[in-house]
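A.B. asks: Okay, handing you the structure first.
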Amino acid sequence: VYKRQGHGLPHHLLQLEKILPQEPQIKSVIILAGANDFLRRLGARSDFNSAAYLDGLQEKAFLVRPASAYPEWYKRSALWHILRQFWQRRLLEKRKSQVQDPSGTALQGWRDERANAPRPFAELPDLAVALHDYEAHIRKIDAVCRQYKVELTWISQPVLWRDSMTNYLENLLWSGALQQAGKEKVYFKPAALFEGVTKFNEKLDHTAHILNRSIIRLDTMLVPDTTVFYDDMHFNESGARQVAKVLMKKL
694 VYKRQGHGLP HHLLQLEKIL PQEPQIKSVI ILAGANDFLR RLGARSDFNS
744 AAYLDGLQEK AFLVRPASAY PEWYKRSALW HILRQFWQRR LLEKRKSQVQ
794 DPSGTALQGW RDERANAPRP FAELPDLAVA LHDYEAHIRK IDAVCRQYKV
844 ELTWISQPVL WRDSMTNYLE NLLWSGALQQ AGKEKVYFKP AALFEGVTKF
894 NEKLDHTAHI LNRSIIRLDT MLVPDTTVFY DDMHFNESGA RQVAKVLMKK
944 L
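Going by the numbering used here, the sequence shown wraps up at 944, each residue one higher than the last.
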């Protein structure tokens, strides 16, 4: 199992390119995809460019990288890595409010930020470039798995978002923001978010079938309530058990 929080298909592609040649015992790869690639588009400026997102991809995709992966000579020194670890700890102390803690304090803070934000947008930005980029990475991941003769199974993205939600469920949400330089965050309505992630699920389903890969449409199998989710798209314990049962039957 390999997982780093908050990553999309560009990161998973790089991970597979590096890991599969080193771990020939891996025979099967399962990827649940959709939310992070969709939300990446919402968080971008209006001049969204997927190439810019790839800058520093290795550093985001891997927790630890060999010194040889750094092109700059000074970044290959032990001293630089020691100083970097020290600086990262200092930054973490300053950004405690951005770190998910066991008590859920940060999560509630993010929910409050969304609830108190300006009136949410009802319409999404153009997703054409992002969907094209999404399909391209699905195909690249497929090609890497075929190269190493690894079985690939896709899982579509289930979410709590819906066209119509109770106030209780909507108050559990915290993601789906548009980042604007020098301005406070503006969020999208749940109906718009549901429309967007549905397009990504449909793109995944369509491309997987073209490539003759298995796909589990988890988005159609789970009830959008607190028996499954504790926020926009993350599973609580009950939801994790339901997902495990689905996977045991399908795989």
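Just so it is clear, CB atoms sit at the ideal spot from N, CA and C, and this is done for glycine as well. These numbers come from a predicted model, not from an experiment.
So, using beta-carbon positions, are L897 and W847 closer together than 8 Å?
C.D. replies: Along the sequence shown, one-based indexing puts residue 897 at 204. Along the sequence shown, one-based indexing puts residue 847 at 154. In this structure, W847 lies closer than 8 Å to L897 by Cβ.
A.B. asks: Since Y861 and A870 should fall inside the 8 Å C-beta cutoff, what is the C-beta to C-beta distance between them, to a whole number of angstroms?
C.D. replies: Against the sequence shown, residue 861 aligns to sequence position 168. Against the sequence shown, residue 870 aligns to sequence position 177. In this structure, Y861 and A870 do not form a Cβ contact; the two beta carbons are roughly 21 Å apart against a cut-off of 8 Å.
A.B. asks: For G701, does the three-state DSSP call read helix, strand or coil?
C.D. replies: As a first step, residue 701 is located in the sequence shown; it is residue number 8 there, counting from the start. Looking at G701 - three-state DSSP - the assignment turns out to be coil, as it is neither helix nor strand.
A.B. asks: Do you know whose CA, among E877, E710, R734, T913, lies nearest N894's CA?
C.D. replies: Translated into the one-based positions of the sequence shown, residue 894 becomes position 201. Answer by Cα proximity: T913.
A.B. asks: State the beta-bridge partners of V722 as determined by DSSP.
C.D. replies: As a working note, residue 722 is residue 29 in the sequence shown. Partner(s): L845.
A.B. asks: I need the DSSP call for A810, collapsed to helix, strand or coil.
C.D. replies: As a working mapping, residue 810 is identified with position 117 in the sequence shown. Note: A810 maps to coil in three-state DSSP.
A.B. asks: List in chain order: all unbroken beta strand (DSSP E) runs of 3+ residues lying wholly within the stretch 825–905.
C.D. replies: 844–848
A.B. asks: If we count the other Cβ atoms within 10 Å of its Cβ and call it buried at 16 or more, is T859 buried or exposed?
C.D. replies: As a first step, residue 859 is located in the sequence shown; it is residue number 166 there, counting from the start. Exposed is the call here.
A.B. asks: Grouping DSSP H, G and I as helix and E and B as strand, with all else coil, what is S931?
C.D. replies: Residue numbering aside, residue 931 sits at position 238 when the sequence shown is read from its first letter. Reduced to three states, the DSSP call for S931 is helix.
A.B. asks: Measure the alpha-carbon distance for L940 versus S721 and round it to whole angstroms.
C.D. replies: Your numbering for residue 940 matches position 247 in the sequence shown. Your numbering for residue 721 matches position 28 in the sequence shown. Roughly 13 Å separates the two Cα atoms.
A.B. asks: Since S907 is in the beta strand (DSSP E), which residue starts that stretch and which ends it?
C.D. replies: The sequence position of residue 907 within the sequence shown is 214, counting from 1. Where S907 is concerned, the enclosing beta strand (DSSP E) stretches over 907–909.
A.B. asks: Please report the Cβ distance between V837 and L725, rounded to the nearest whole angstrom; I am assuming they are in contact, meaning their Cβ atoms lie under 8 Å.
C.D. replies: What you label residue 837 is simply residue 144 of the sequence shown in a count that begins at 1. What you label residue 725 is simply residue 32 of the sequence shown in a count that begins at 1. Not really, about 18 Å apart at Cβ, beyond 8 Å.
A.B. asks: Per DSSP, H779 is paired with what?
C.D. replies: Sequence index remark: in the sequence shown, residue 779 carries index 86 (1-based). A quick correction: the sequence has Phe, not His, at residue 779. Looking at the DSSP assignment, F779 forms no beta bridge with any residue, so it has no partner.
A.B. asks: Helix, strand or coil for L707, going by three-state DSSP, please let me know.
C.D. replies: Counting from 1 along the sequence shown, the entry for residue 707 is found at position 14. Helix at L707.
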